[in-house]
Structure formats: structure tokens, C-alpha cells
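So in this note's numbering, spot 230 of the first sequence is number 248, and the numbers just go up one at a time. Below you'll find the structure, written out as C-alpha cells, and then a few comments.
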Amino acid sequence: MSHESQTPSFSTTRRDASCGELRRHDAGRRVRLCGWVDRRRDHGGLLFVDLRDRWGRTQLVFDPDRLGAEVFAEAGRLRAEDVIAVEGAVRERPEEARSDKLATGEIEVHVERLELLNRAETPPFPVSASAREGDDVAMETRMRYRHIDLRRPVVQQRLIFRHRVVMALRQALDALGFVEIETPILTRSTPEGARDYLVPSRLQHGSFYALPQSPQLFKQLLMVAGYDRYFQVARCFRDEDLRADRQPEFTQLDLEMSFVDEEDIYRTLEQVLAEVWQRCKGVQLERPFARLRYDEAIARYGSDRPDLRNPLEIRDVTDVAARSPFGFLAEAAAAPRTRTEPGGAVRALRVPGAADRLSRKELDALGELVAPTGAKGVGWIKVAEGGELRGALRKGFPDALGAALRERLEAQPGDLVLVVADRNADVAAAACGRLRETLGRQLGLVDTSADRLVWITDFPYFEYDPETDGYIACRHPFTQPAADSIDRLEDEPLAVRTRAYDLVLNGSEIGSGSVRNHDVEIQKRVLAVMGYSPEESEQRFGFLMEALRSGAPPHAGAAIGLDRFCALLLGLDNLREVVAFPKTTRASCLLTHAPAPVDPAQLAALGLRIRSDVSVGE
RNA sequence: GGGGCCGUAGCUCAAUUGGUUAGAGUACCGGACUGUCGAUCCGGUGGUUGCGGGUUCGAGUCCCGUCGGCCUCGCCA
């Protein structure tokens, strides 16, 4: 899984070595070891105990011929997870008794003295790595006994891997002149868009701190303060519903630089991440990373976080479909762009050689797959041996249209072509994106042998919000609008693009960032588009505006979702696997039973009273 | 807030159409065993089937409620 870091010396007052380091050349040494009883194999007249710590396992031999009867009897009473200290002689194992399953398999320690440091209750589930496979312990049980779960070698390796990732990041950033600075946890609400966790103030009844959703504003203030290059391994809090890839508190690698543009952020992060791959996975990352403009990503992959390991690509066939005798094709193609609608489109996905790989039933099921995107259905055409088209949709592309379609898609005999038409191009794109993802996986087209990173750039600044008939920022509103679209801020907000970027790894967004507004006038105009009056802007973000007026350098930054990043690097799909003390989907900690009711006196001190007539969520 | 799945021994699971005394592996306890490494062999303990109610001659199984966990849509970068 990972590269061993160098083992430090374990010589302390209680032990001479860890359980993972003794080798054949240590034979003859007298050593003291400490650890947990991993497993014991009791032969009556001879007793083996595997002693475990986080560095490995070492076989202990209790031989009554070399041991007092009392000590041997004491050894016989050892049970899994008892904590012991032993002293004995390292011996090379007999040839036939060597084990290649253990790094220490060539030696064993013949115990002469045994000290039981602490007796352990029978654990609720096995800690030993050599427990039977396939009997995965339920996450609920693991979280309830997390201190024991965390003792399992697989879990330890994950957290240690995470540590190595963080260390690689820290060292790489330090080498580049970055300064790690902590920002407040008790702060005030920042406009990140999520619900805040609130902390009541004892000294000011009725006022609340908010836990930060990110250090966004603080890091901008640090740029204003002249700190040039800042980073932080920052805890962030968002009080929203949970998912496998979402915890209520999570960690970001947060960074910000002054006197830079996008390119500097790209180069910096690429260098820092290459360091992580190098040191944590032993892999040389290809640099620079790939780049895609947002509209290009949507057009070719139907997603703003495409998995580039999937070779399938979407093509636009709107112009061909516009001439189709099929009404739904021609109408979708002709749907006009309006103030709030992007216009219609017909998109096609060619799946090479797949004409015979999907059954009629599977093809019909694609419609359901695509339904959540709002698409009405999926048409399909197969390219037969002679090049002629097959399937119900072929009549929608007669004669020259069929040829045009084949040419556009570079379709070969044996190919399957999936077509989605919609009066909203975004829907057609999203539907094709889903088809691409699902078929790529289902047909085994995704090349999982290498990690693929890609920057997504040139996002639209605003999104139309039908509920308020207004505009909301797609990213966050402190991003600079792209220079060549800034004039459209007031008259055509949807045409404005941001200087924001996402970093996508194997189809998952692992980070995002932007070039910030350092010009207070532009910042005001952006907030105005979002419906903030100058007074409101000043009231909510006054401290930022003030800072921007006080000598703010041009600055830009980014943040990497560290938990998700580590999970992806380890090929895990649940953040809980890389978080030491994770929470459930209801945001409780099964180990500490947080959140919990508090003493009435505590509430009184805060000036709070719990109303029983208001249910949760109201 | 909505949807889906799940809850049986410490753990991982089984239990026919609603049927009689709820089983297995492992863990645990006891015994045997001097080269094992998932030790092996023999024996044994262990159950409020999450909780509450209902239907039924009869409920682990069906229905309602509730608690908890997981996944997911909304929400959230």
C-alpha cells in the first residue's frame, strides 16, 4: 500500500525494539518487547504468542524447559489484546518453522520474563489482521468501539498513510516558502452557502459564533496582511445532511498566494501533489495536469468532473438532428436559447464495439438510468457490418443524415450509438454523461492502472435561480470575474465566467479555488448581481471590503478536500475509513455519544431554554 | 424533508408458505496436545430475534409505530 518510513529507534526504558523490526541478524540479542497479544497458539507443552504493535508482529515462544512453571502458567492465561512486556533472546527460527507472512518471520523471541501490563476484556470483534476474511464488521459496531477498531492493522495503516500525505504536503509547501497559520474556529458566519454550526455566546446572550465552513475570508485577510504564501490543514464545518463522502466536520488543505495568477496556483499544486504521489504511492505524476474548460468538459464528458480514465466521449449532433424527419429530434435541436434557458441540443455517445454487448432489455433500461437528469429517454442505433444503421432510431437519420451522423461520430461497424435529445442542452449533456459513466464502468472500459488528474477551468460565474428569479454564484462570490466577460456583469450575468478552477481526480472533485477579487468595486458589482444592496454588502462583508480597500494584493488560492483525497488515494469510497473518529449519517459519534443534552445550568448560563413545542427541522 | 435497505448469540450470518425446542462458524469457558503461525482435537456456556403495539390457534417471519445504522435524492463543494 505504501512506502515504509524509516523506523526510528524504539529503545526506551521499557523496550528495546518494536514488534516489526527484528531480523535474522538480530539473532542472539537479548531484547525487551512491549505490545498487544495478537494471537496465541497453545500446544500445552509449548506456547506461541504473536506480539503486535503498530510496527508489526513478532512471534514469542514460551518454552517450559527455559521458563519457570509459574511464568509458563501465567503465559497460558494470556488472551487476545492483553498488554504485555517480555524479555528474552532473539533466535533464528528452525528452517521449517520460518514464516514468509511476517516481516519478522525468520526469527522469534524465546521469552524468559513476562510482565502483564494490563489485562484486556475480550474484544467485541477481532483486532488481529489474521482474522478470517469476508466477515466485515458493521460500521456501526466499528464506530461504537472505535478505539478497538483503530487498533486493527488495516485501519492503522490508513491513518498512517493519511499522516504521510499530510507530511508530504506540509514539507513540500514549507520548501516553497509557505507559512502555516491557524485561523479561528469560533468565528462568524461566512457566505459559503451551507448551514452553519452555531456556538452560543455566554458573555453575549443571544449572539452566536459560527464554526467556519472554510477559512476563506481569513486567508484573504492574511494576503492583505502580506503573508504572501499561506497554508493550513484546516478543519471545516458544515451542518448539512451526510453522505458516504461527506462528514459534518472535515479537513481541507487550504492555501493562498499573493501576486499570482491561475497558472501559479496550478504549478504550485501540481508540484505539491506530485510530491504526495511520489512519497506516498511511489508514482511519478505526469505534469502539467490536463486541463478542460467547463463548457468543453460538459460537451465532451457531460460532467464538470469527468473521469478521464474512461475513453468514451460525447459528440454534439444537434446540426445533423436539426434536419431529422423525427419531430422530437428536430424540435430539440431547434429550441432557442433564452435569458434563463441554454437552448436545445442533441448529443450522441459512441460506444465502440458495443453493438452486441447490450441486450434489448439493457438498452431499454438506459432510459431509467437517465431519468434523474430530466431526459425523456435514450435512443440507440447500431452500426452493422456493412456500415448500415440498425435500430428504431435509424429512420430519424435517413440517407445523407445517417452518413453525416456516422462521420460526425467516426462510427465503425459494430459500434453502438446512444442519442439523447432535449430542449435543454444541459439535460442532454448530463444524460450522456451518466450513460458514459455507467457504460464505461459496466463494459470495463475504465483504465484503473493510473490516476488521471484534470483542471476544470472557465466556469460560469452565475446560475439562474428560478425560485427567486435571481442569480446565485456557482462558486463563491469572492472570485474575480474573467476579464473579457466582466462587462456583461449587469446585462448578461449568465455569460460571465469566473477565474475559478476545480481539480478532478479520477472523476471526483478533490479541490477547487480561484483568483479572488482584490478590487472592491468589482466585488460590490458581483454582490449587486446576487441581489445584495450596497448597504447589505457593507453590513455582511464590511470587514472584507475594508480589507480590500486597505492595500490588498492580487491573490489566488485553492483548497483540497483532504479526507476525500486520502480516501481516493487508498481506493476507498467512505470517508469514515480515513477519519479517526467519524460520525454517523445523523451526525452523532457512537463512541462519545455526542451530541448530548446538557445540564440546565449550562443552558441558563448561555441564556438558552429548550422549547419542547418545536420539533427538529422546524 | 423524501426514498430504499438493514437490525437474530460478543462478532459474521442462517432459519422453507406464518408452525413445534431459533441454528452454524468464530469468539468465550473447560479439557488434551512440544514447532505452531486462521494451530489442531474433544466438550460446554451463550438469545427480551432493537423496542412498543397489533393481526393470528400460533409471529424472527405479516401490519402499524418507534429507536438505531447504512445508502441515496433534496441540501451541501
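Beta carbons: idealized from backbone N, C-alpha and C, even for Gly. Just so you know, these numbers come straight off a predicted model, no measurement behind them.
### Message
Less than 6 Å between C-beta atoms, sequence neighbours within five positions excluded: which residues of the same chain meet that for G385?
### Response
Within the first sequence, the letter at position 367 stands for residue 385. Correct list, in chain order: G395, V396.
### Message
Within a Cβ cutoff of 8 Å, which residues of the same chain sit near R95, ignoring the five residues on either side of it in sequence?
### Response
Taking the first residue of the first sequence as position 1, residue 95 is located at position 77. Closer than 8 Å at the Cβ level, and outside the excluded window around R95, lies no residue.
### Own chain, CB closer than 8 Å to V388, minus 5 neighbours either side, in chain order
What you label residue 388 is simply residue 370 of the first sequence in a count that begins at 1. Excluding its 5 nearest sequence neighbours in each direction, V388 has C-beta neighbours in its own chain below 8 Å: G395, V396, V438, A449, R452, L453, listed in chain order.
### Query
What's the call for I283, buried or exposed, on a 16-neighbour Cβ count within 10 Å?
Counted from its first residue, the first sequence places residue 283 at position 265. By the 10 Å Cβ count, I283 comes out buried.
### Query
Where T391 and G123 are concerned, what is the direct C-alpha to C-alpha distance, given to the nearest angstrom?
In the first sequence, residue 391 corresponds to position 373, counting from 1. In the first sequence, residue 123 corresponds to position 105, counting from 1. Near 56 Å, if we compare the C-alpha coordinates of G123 and T391.
### Alpha carbon of K237 to alpha carbon of Q189, nearest angstrom
For this step, residue 237 is matched to residue 219 along the first sequence. For this step, residue 189 is matched to residue 171 along the first sequence. If you draw a straight line from the Cα of K237 to the Cα of Q189, it comes to about 20 Å.
### Task
Go through the stretch 167-227 residue by residue and report every complete run of the beta strand (DSSP E) that reaches 3 residues or more, in order.
Correct list: 216-218.
### Message
I need the boundaries of the alpha helix (DSSP H) containing T456, first residue and last residue.
### Response
As a working mapping, residue 456 is identified with position 438 in the first sequence. Counting along the chain, the alpha helix (DSSP H) containing T456 begins and ends at 443-460.
### Query
Whole beta strand (DSSP E) runs in the stretch 454-537 with 3 or more residues, listed along the chain?
Taken in chain order, the complete beta strand (DSSP E) segments of 3 residues or longer contained in the stretch 454-537 are 471-475, 480-483, 488-491, 518-523, 526-533.
#### Entry: Distance between beta carbons of E267 and R247, contact taken as under 8 Å
As a position in the first sequence, residue 247 is number 229, starting the count at 1. As a position in the first sequence, residue 267 is number 249, starting the count at 1. Not a contact, Cβ separation roughly 26 Å.
### Message
Is the separation between the beta-carbon of D581 and that of Q265 shorter than 8 Å?
### Response
One-based indexing of the first sequence puts residue 581 at position 563. One-based indexing of the first sequence puts residue 265 at position 247. The answer is yes: Cβ separation under 8 Å.
### Task
Output the distance between the C-alpha atoms of R323 and A577, rounded to the nearest integer angstrom.
Your numbering for residue 323 matches position 305 in the first sequence. Your numbering for residue 577 matches position 559 in the first sequence. Taking the CA atoms as reference points, R323 sits about 16 Å from A577.
### Task
Return the residue from the list D272, G106, F496 that minimises the CA-CA distance to K33.
As a first step, residue 33 must be located in the first sequence, where it is residue number 15. As written in the sequence, residue 33 is Arg, which differs from the Lys given in the question. Comparing Cα positions, the closest option is G106.
### Task
Evaluate the contact criterion for the stretch 458-465 versus the stretch 397-417: three or more CB pairs, one atom per stretch, below 8 Å.
Remark: fewer than three beta-carbon pairs, one from each stretch, lie closer than 8 Å, so the stretch 458-465 and the stretch 397-417 are not flagged as touching.
### Query
Near V155, which residues of its chain fall below 6 Å by C-beta distance, leaving aside the five closest residues on each side in sequence?
In the first sequence, residue 155 corresponds to position 137, counting from 1. Take V155, set aside five residues on each side of it, and the residues of its chain with a beta-carbon closer than 6 Å to its own are F143, in chain order.
### Message
Within a Cβ cutoff of 8 Å, which residues of the same chain sit near P82, ignoring the five residues on either side of it in sequence?
### Response
As a position in the first sequence, residue 82 is number 64, starting the count at 1. Only G63, L64, F90 meet the Cβ criterion.
#### Entry: Pairwise C-alpha distance: V173 and G635
On the first sequence, residue 635 is found 617 positions in, with the first residue counted as 1. On the first sequence, residue 173 is found 155 positions in, with the first residue counted as 1. Residue confidence for G635 is low, a pLDDT of 41 falling below 50, so the modelled location carries little weight; the figure read from the coordinates is stated next. If you take the alpha carbons of G635 and V173, they lie about 35 Å apart.
### Query
Per DSSP, G53 is paired with what?
Reading the first sequence from its first residue, position 35 is the one you call residue 53. Under DSSP, the beta-bridge partners assigned to G53 are I102.
### Query
In or out: E22 buried (at least 16 other Cβ within 10 Å) or exposed?
Here the question's residue 22 lines up with position 4 in the first sequence. Unreliable positioning characterises E22 in this predicted model, as indicated by a pLDDT of 47, which lies under 50. The coordinate reading is nonetheless provided below. Note on E22: under 16 other CB atoms within 10 angstroms of its CB, so exposed under the neighbour-count rule.
### Message
Quick check on D374: does DSSP put it in helix, strand or coil?
### Response
Along the first sequence, one-based indexing puts residue 374 at 356. D374 falls in the coil class under three-state DSSP.
### Query
Since F226 and P233 are thought to touch, with beta carbons under 8 Å apart, how far apart are those beta carbons, to the nearest angstrom?
Residue mapping note: residue 226 aligns to position 208 of the first sequence, counting from 1. Residue mapping note: residue 233 aligns to position 215 of the first sequence, counting from 1. Not quite, the Cβ-Cβ distance comes to about 19 Å (not below 8 Å), so this is no contact.
### Message
Considering only the alpha carbon of each residue, which of R42, V49, A45, R41 lies closest to T30?
### Response
Within the first sequence, the letter at position 12 stands for residue 30. Ranking R42, V49, A45, R41 by Cα distance to T30 puts V49 first.
### Message
I'd like the span of the alpha helix (DSSP H) that includes T336, first residue to last.
### Response
Here residue 336 refers to the residue found at position 318 of the first sequence. From DSSP, the alpha helix (DSSP H) with T336 extends over 336-339.
### Query
Per DSSP, which one or two residues make a beta bridge with A252?
Position 234 of the first sequence, counted from the start, is the residue given in the question as residue 252. Here A252 is bridged, per DSSP, to Q270.
### Task
Measure the beta-carbon distance from S377 to H573 and round it to whole angstroms, keeping in mind my assumption that it falls under 8 Å.
Position 359 of the first sequence, counted from the start, is the residue given in the question as residue 377. Position 555 of the first sequence, counted from the start, is the residue given in the question as residue 573. Between H573 and S377 the Cβ distance is about 55 Å, and since that is not below 8 Å, they are no contact.
### Query
Which same chain residues, not among the five before or five after L461, have their C-beta less than 8 Å away from its C-beta?
Translated into the one-based positions of the first sequence, residue 461 becomes position 443. Excluding sequence positions up to five before and after L461, its CB lies within less than 8 Å of the CB of V369, A372, R375, all in the same chain and listed in chain order.
### Task
Take every Cβ of the stretch 536-548, pair it with every Cβ of the stretch 494-507, and state whether three or more of those distances are shorter than 8 Å.
With a cut-off of 8 Å, the stretch 494-507 and the stretch 536-548 count as touching, because enough Cβ pairs lie within range.
### Contact under 8 Å by Cβ, E527 with D520
As a first step, residue 527 is located in the first sequence; it is residue number 509 there, counting from the start. As a first step, residue 520 is located in the first sequence; it is residue number 502 there, counting from the start. In this structure, E527 lies near D520, with their beta-carbon atoms less than 8 Å apart.
### Query
Do you know offhand how far P306's Cα is from Q289's?
Sequence index remark: in the first sequence, residue 306 carries index 288 (1-based). Sequence index remark: in the first sequence, residue 289 carries index 271 (1-based). Cα to Cα, the separation comes out at about 9 Å.
### Message
Quick check on DSSP: helix, strand or coil for K379?
### Response
The count along the first sequence starts at 1 and reaches residue 379 at position 361. K379: helix per DSSP, three-state reduction.
### Query
Per DSSP, what kind of secondary structure is R32 in: helix, strand or coil?
In the first sequence, the residue the question calls residue 32 occupies position 14. R32 falls in the coil class under three-state DSSP.
#### Entry: Sequence-distant residues of the same chain with beta carbon closer than 8 Å to I628, five excluded per side
Position 610 of the first sequence holds residue 628. So the list reads L621, once near-sequence residues are dropped.
### Task
Determine, using beta-carbon pairs with one atom in the stretch 433-447 and one in the stretch 359-369, whether at least three such pairs fall under 8 Å.
Touching, yes, given that three or more Cβ pairs across the two stretches are closer than 8 Å.
### Message
By alpha-carbon positions, which one of F344, A348, F561, A350 ends up nearest to A410?
### Response
Looking up residue 410 in the first sequence gives position 392. Ranking the options by Cα distance to A410, first place goes to F344.
### Message
Rounding to the nearest angstrom, what Cα-Cα distance links V533 and G575 in this structure?
### Response
Translated into the one-based positions of the first sequence, residue 533 becomes position 515. Translated into the one-based positions of the first sequence, residue 575 becomes position 557. Taking the straight line from one Cα to the other gives about 7 Å.
### Query
Are at least three pairs of beta-carbons, each pair with one atom in the stretch 587-602 and one in the stretch 162-180, less than 8 Å apart?
Enough Cβ pairs lie closer than 8 Å, so yes.
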